[in-house]
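A quick write-up on the structure given underneath.
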Amino acid sequence: MAQQGQSYYELYRSTSVGMALADTLDDLISSRRIEPQLAMRIMQNFDESIAKVLNEKVKARMTFKGHLDTYRFCDEVWTFIIKDIHFKMDNAHQFDAEKIKIVACLAKEKAA
Amino acid sequence: MDDGTAIAAPQNVAEVEQLIQRLYKPGPATLVKNINDQLLQLQLSQDGWKLADELMASDDANVRFFAALTFTVKLNNDGPTLDDDTAHSVQTRLISWLVRLVQRGEGGLVCKKLCSTLTTYFLRSPLVWEHPLLSLAFSFQRGDATIESNTTRSADEIRDILPSLNELQLRVLLWFAGALAEEVSRVPANTPAHANLHTQMENIVKDASVLMQWAFQQQSTGSASAVRAEALRTYLTWINYAQPVWPRNPDALQYLRSLIGQASQCLFDEDLSSEALDIFRDILESYTTFFQPSHMEMLAAIVHNHIRPKLQQALLEQDPDGLPLAQLVIAFGCANIQQVVEQPDSGSGSWTVVKLHFDIIEAQGYPGDEDQLSIQTIEFWNTYIEYVNDTLFSKDSDAPDPPWLYQTRDVLKQVVELLWKKIWTPPNEVAKAWGDSESEGFKEFRGDSTDLMLSIYVLLGKDMLQQLVTLALRSLEAKQWRGVEAALFCLNTLSDNVLEESSSEDVVEEIFRSSLFRDIADFSQNIPSQARRTAIDLLGSYGQYIERHAEFLPDTVRFLFASLEMAGLANAAAKSIASLCSACRVSLTTELPGFLSQYQRFLESKTCDPYTKEKVIGAIAAIIQALSPESAKAEPLRALLVNIEKDVESAKQYAAEGDLEMAEVMGVTSLESLASIGKGLQVPEDVPIDIYDDNEEQAKKPSYWESAEGREAQQQIVGCFSVLQVVGTYSAAIDAACQVLRTGLTESEPGPFVLPTSVTVNFVQQCSINTPQLETVLSTAGMMITQHSRKDSKRIDEDVSSISKAVAGFCEALRQPDTDPTVAAECINVLSELMPHYVHVLFEEMSASTLTFILAAVQGADSMPKRTACEFWTKLIKPQTAAISEDAQQRINQVMSSYGQQLVYSLLHQIRGQAQRSELDYVCEPLKALLLHQTGTQVWLQSALADERFAIPRVTMNDRAMFLRQIMGSRSDGRKTKELVKAFWASCRGTVVSYG
Chain X
39 MAQQGQSYYE LYRSTSVGMA LADTLDDLIS SRRIEPQLAM RIMQNFDESI
89 AKVLNEKVKA RMTFKGHLDT YRFCDEVWTF IIKDIHFKMD NAHQFDAEKI
139 KIVACLAKEK AA
Chain W
26 MDDGTAIAAP QNVAEVEQLI QRLYKPGPAT LVKNINDQLL QLQLSQDGWK
76 LADELMASDD ANVRFFAALT FTVKLNNDGP TLDDDTAHSV QTRLISWLVR
126 LVQRGEGGLV CKKLCSTLTT YFLRSPLVWE HPLLSLAFSF QRGDATIESN
176 TTRSADEIRD ILPSLNELQL RVLLWFAGAL AEEVSRVPAN TPAHANLHTQ
226 MENIVKDASV LMQWAFQQQS TGSASAVRAE ALRTYLTWIN YAQPVWPRNP
276 DALQYLRSLI GQASQCLFDE DLSSEALDIF RDILESYTTF FQPSHMEMLA
326 AIVHNHIRPK LQQALLEQDP DGLPLAQLVI AFGCANIQQV VEQPDSGSGS
376 WTVVKLHFDI IEAQGYPGDE DQLSIQTIEF WNTYIEYVND TLFSKDSDAP
426 DPPWLYQTRD VLKQVVELLW KKIWTPPNEV AKAWGDSESE GFKEFRGDST
476 DLMLSIYVLL GKDMLQQLVT LALRSLEAKQ WRGVEAALFC LNTLSDNVLE
526 ESSSEDVVEE IFRSSLFRDI ADFSQNIPSQ ARRTAIDLLG SYGQYIERHA
576 EFLPDTVRFL FASLEMAGLA NAAAKSIASL CSACRVSLTT ELPGFLSQYQ
626 RFLESKTCDP YTKEKVIGAI AAIIQALSPE SAKAEPLRAL LVNIEKDVES
676 AKQYAAEGDL EMAEVMGVTS LESLASIGKG LQVPEDVPID IYDDNEEQAK
726 KPSYWESAEG REAQQQIVGC FSVLQVVGTY SAAIDAACQV LRTGLTESEP
776 GPFVLPTSVT VNFVQQCSIN TPQLETVLST AGMMITQHSR KDSKRIDEDV
826 SSISKAVAGF CEALRQPDTD PTVAAECINV LSELMPHYVH VLFEEMSAST
876 LTFILAAVQG ADSMPKRTAC EFWTKLIKPQ TAAISEDAQQ RINQVMSSYG
926 QQLVYSLLHQ IRGQAQRSEL DYVCEPLKAL LLHQTGTQVW LQSALADERF
976 AIPRVTMNDR AMFLRQIMGS RSDGRKTKEL VKAFWASCRG TVVSYG
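Just so you know, the sequences run in chain order X and W. Per the working numbering, the first sequence starts with residue 39, numbered consecutively. Per the working numbering, the second sequence starts with residue 26, numbered consecutively.
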């Protein structure tokens, strides 16, 4: 359901696609082709759409195994720091990382 | 030049009408733009109100639509500054037009636009409009605009007016009610400026609720049905509005909740049921608490009495109309998951929900093909198991199990069996008829099902493993190969979890002791190749188990080698061989001679291709790695290298014959196989370290690979690089050669692929600016320098010096970083790696032109060289992290005093607007370092800011002076510096500081 007025997490703004969008919006504002208010609205739409698209359209999956070093749950945000991780992609590609941080937020906004 | 699209300003209303009509006709883009510009000018003019009013009288619906749009534009621009009389007059004109147009049977386009315009009036007018719905309803009844007096009208009056309105009037009222809810929902609720609007909505909902109630009571046949349909849509819009705004306002919400019963009647309406199902599903999914327990009971009764029989019928007939029914059941189940799990036999539909979910999976058809419903049920079962696991894991460990657990386990076992049955692969004749979409859909369902099984395994554990093994063995006995395959597929997914518990080994053993692999290895049996492939995958997945049960190992690998020669199985077999040999390398060393000869046979077979060859040769190399002592590795390694040398020779042969395509294939394969051997020979990361073995003498003892014999094997490896003479112009070959070098660079102990550093140096020296993948070569060189910059590693000044010379040559050949930004970035990166341990080499080899090149990268537009150049300067400016000679420090100081001013100018060039927002973080780094460590920075900044090249109209001299003061004051606070830079950049750029 489209929930007008609902705010979405801004965490995907720091992804490469989010940063590219910000750069493009800056260009459009600088050249006076759009107003800053519209740019902010577009960014809010991005927050909503990327969460939706990642949830509904991305079918790739991956499993990983490692040692859970730290975890916390604060303000509805889970944070996990995992060490010595082994990743298995669904195309059988495998790789390792020394340390990763997973930030997880509620996918669906539940009503109060 | 006049291209025929220039538009003269219209002189009267008739000409404006003509322009509007032309606007809506197809035409060249420039014409449309020119018309639009002219019309926009008119809309924004003083006469805009008058023009809009006159255009409303047009006979053309497009013109009337444009008139409403003009009112909206005027309201958006001038609304808040209107005096009371003008505002009142605009309101009256708008309502009057809407009433008259509806009387004339106006279409939806114009009416909806006018409703939207009235909403804009509601939002932008300085006059408070307390009862907009009542005003419009009253006006409809009176036949002209009648604005109610706020003090004398009661909201209940609308109830008396509605019966006198016709269907179109009711629909327009509903559109207006919906537009109000939709537009006001976009207004922030938490700012004082807008709080009043939301308070008004608490009153308006009373009229809206009476209106929707009346609309829901309309007949469900004929044109009155359209009123009910509109009421449903308006209802959803109001619920969407209420969710974020009224979470703690049950009184306002009650006006909407009181309509649930009537809205639910639409579920029984033939014409509206599809839309009603969607709307109820939406609310269940995203606003569960809108429904109170009594409403859930009512919905449970509807699911049981009305939806269940219709859904079961649809499943039986494979009718696609079952989809919205199933979606509602799933949403209802998820919304009531606690009840469904904890009170499975309750009267509120728990069992109906579970049973319907079973029915959906049990129905005929393949997921992704004719069965579109099964995949949807996975969401429900995920919610189900997530609730169960959460509840069980959050209870005290000594607390008794909840009473519902027994039945839950039973339900989940049924789910596992149903899913197993559902993921059977289709017979060939069905699969052949499938397109990509069906195959993908089926694959997705298999993936989703096994993911779900992983969650269920957390609860059921060994019982579930036993269940799947039993299903596999029972199918095996009955020679139902698709059943075997589905069970093995599930077991593969669970392998990581199963292998963690040694207590499960006896269950896994049942599979390995069965006739499964004997049957699979019997190629005379007619077994679907998918079943064979999944069985082969099982061997890879359960490698650790096989490692612990060495009795299964040789037969298993022999079977895999045999499968390697079977078309359709070769890739899966190669993959499993690679993972099994890597995991069980120590147990397989005695089998090495046999595998080497099997590999030789395989090279002659038809299934031998670059992929299988590379996988298998890497697998054998992994076994060689497990041999001890090191000298024992040489002979089998050389046996493998002989095969590579043959490929190298044939590549050269093909090249000599002019067959460049085959030369490339053979040459690249030879290098990729070589890299695969190198990877196989790498020491596994989990190899045990003997902490008591600190015998220094032994540590000093030269490695076998440093002896003459060891060097010989290494020479053989290096010799294979000669293939680059014929394939050195191909990217894949250069990539593969770099891969070979990298396999040795990451090793901490000498080994066959830990080649002398001169090999990498020679490789770099042989490259030119035209070498493909030069960036990969440079990054390999950078990796070597990093490895030799570690605390205990050997310093290689001479080699580093040669690499620096080559890199300086590349920079010179490029002239400017933008000639090839990727190569430029890697060049700068290599030079950066020289700090701090080879900083003396850096200044020996680096000319003024190289420094200018790096400076140009800071000033340029390309992101990658800009980033590495900023890193370079930051490293140079900051104190070196290791001790350096006085001479080197002096050179650094000289460089800074010569280039400091230019660097500051380049950085300010970025900050004045050249940089993108995403680049600011790293552009700030050298500036932060300068502020902290270079005393001349203030003068440099002052001079750069005063430079006329810096001038931009948006930023005055005062702004620049202020920036200088602030930035100098922030020198010890990197975060503050970054914020100041961002704010200054935004003013220079004319954009916002942040989008937050």
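From the three backbone atoms N, C-alpha and C, an ideal C-beta is built for every residue, glycine too. All of these numbers come straight from a predicted model, not from anything done at the bench.
- For W/VAL41, same chain residues with a beta-carbon under 8 Å away, outside a window of 5 residues either side, are PRO35, LEU64, LEU67, LEU76, LEU80 in chain order.
- Taking a Cβ-Cβ cut-off of 8 Å, the neighbours of W/ARG942 in chain X comprise MET57, ALA60, ASP61, ASP64, given in sequence order.
- Distances from the alpha-carbon of W/CYS606 to those of W/LEU324, W/ASN407, W/GLN650 put W/GLN650 closest.
- The C-beta of W/TYR312 has 16 or more other C-beta atoms within 10 Å across all chains shown, which makes the residue buried.
- For a Cβ distance threshold of 8 Å, residue set GLY472, ASP476 of chain W lies close to X/ARG99, ordered along the chain.
- In the three-state scheme derived from DSSP, where H, G and I count as helix and E and B as strand, W/MET591 is classed as coil.
- Boundaries of the beta strand (DSSP E) around X/PHE111: 100 to 112.
- By the criterion of at least three beta-carbon pairs nearer than 8 Å, the segment 958 to 969 of chain W is not in contact with the segment 1005 to 1015 of chain W.
- With fewer than 16 other CB atoms across the displayed protein chains lying within 10 angstroms of its CB, X/MET100 is exposed.
- Taking 8 Å as the CB threshold, W/GLY994 stays off the interface with chain X.
- Secondary structure of W/ILE794 (DSSP, three-state): coil.
- For W/GLN764, same chain residues with a beta-carbon under 7 Å away, outside a window of 5 residues either side, are ALA700 in chain order.
- Per DSSP, W/PHE305 has no beta bridge partner at all.
- Residue-level contact by beta carbon fails for X/MET127 and chain W, as no gap is shorter than 8 Å.
- By the 16-neighbour rule on beta-carbons within 10 angstroms, X/LEU106 is exposed.
- Here W/GLU944 carries a helix assignment [DSSP, helix/strand/coil].
- Straight-line spacing of the CA atoms in W/LEU652 and W/LYS658 works out to 6 Å.
- Rounded to the nearest angstrom, the gap between the Cα atoms of W/LEU989 and X/MET57 is 28 Å.
- Of the candidates W/VAL127, W/ILE400, W/SER250, the residue whose Cα lies closest to the Cα of W/ALA288 is W/SER250.
- Chain-ordered listing is empty here: chain X has no CB closer than 9 Å to the CB of W/GLY885, the nearest sitting near 16 Å.
- Chain W has a Cβ within less than 8 Å of the Cβ of X/ALA77.
- DSSP places W/ALA908 in the coil class of the three-state scheme, outside both helix and strand.
- Within the segment 609 to 634 of chain W, no residue has its Cβ closer than 8 Å to any Cβ of chain X.
- Interface with chain X (8 Å Cβ-Cβ cutoff): W/TYR409 is excluded.
- Inter-residue distance for W/LEU770 and W/GLN798 is about 19 Å (C-alpha atoms, whole angstroms).
- Below the 9 Å Cβ cutoff, chain X contributes no neighbours of W/THR416, its closest Cβ being approximately 17 Å away.
- By the criterion of a C-beta distance shorter than 7 Å, X/GLU48 is surrounded in its chain by ASP85, once the five residues flanking it on both sides are discounted.
- If you ignore the 5 residues before and after W/HIS574, its C-beta comes within less than 6 Å of no other C-beta in its own chain.
- For X/GLU48, the chain W residues whose C-beta falls within less than 9 Å of its own C-beta are TYR1020, GLY1021, listed in chain order.
- In the same chain as W/ASP544, and ignoring 5 residues on each side of it, the C-beta atoms closer than 8 Å to its own belong to LEU501, GLN550, ILE552, in chain order.
- Counting only runs of 4 or more residues that sit fully inside the segment 551 to 594 of chain W, the alpha helix (DSSP H) segments are 554 to 566, 568 to 573, 578 to 589, in chain order.
- Rounded to the nearest whole angstrom, the C-alpha separation of W/GLY683 and W/TYR755 is 16 Å.
- With respect to the 8 Å criterion, W/CYS633 and W/GLU572 are not classified as neighbours on the basis of their beta carbons.
- Counting only Cβ-Cβ distances below 9 Å, X/ILE67 has contacts in chain W at ARG1014, GLY1015, THR1016, VAL1017, in chain order.
- With a cut-off of 8 Å on Cβ pairs, the segment 46 to 53 of chain W is not in contact with the segment 131 to 144 of chain X, counting fewer than three such pairs.
- W/ILE648 has its alpha-carbon roughly 19 Å from the corresponding atom of W/LEU628.
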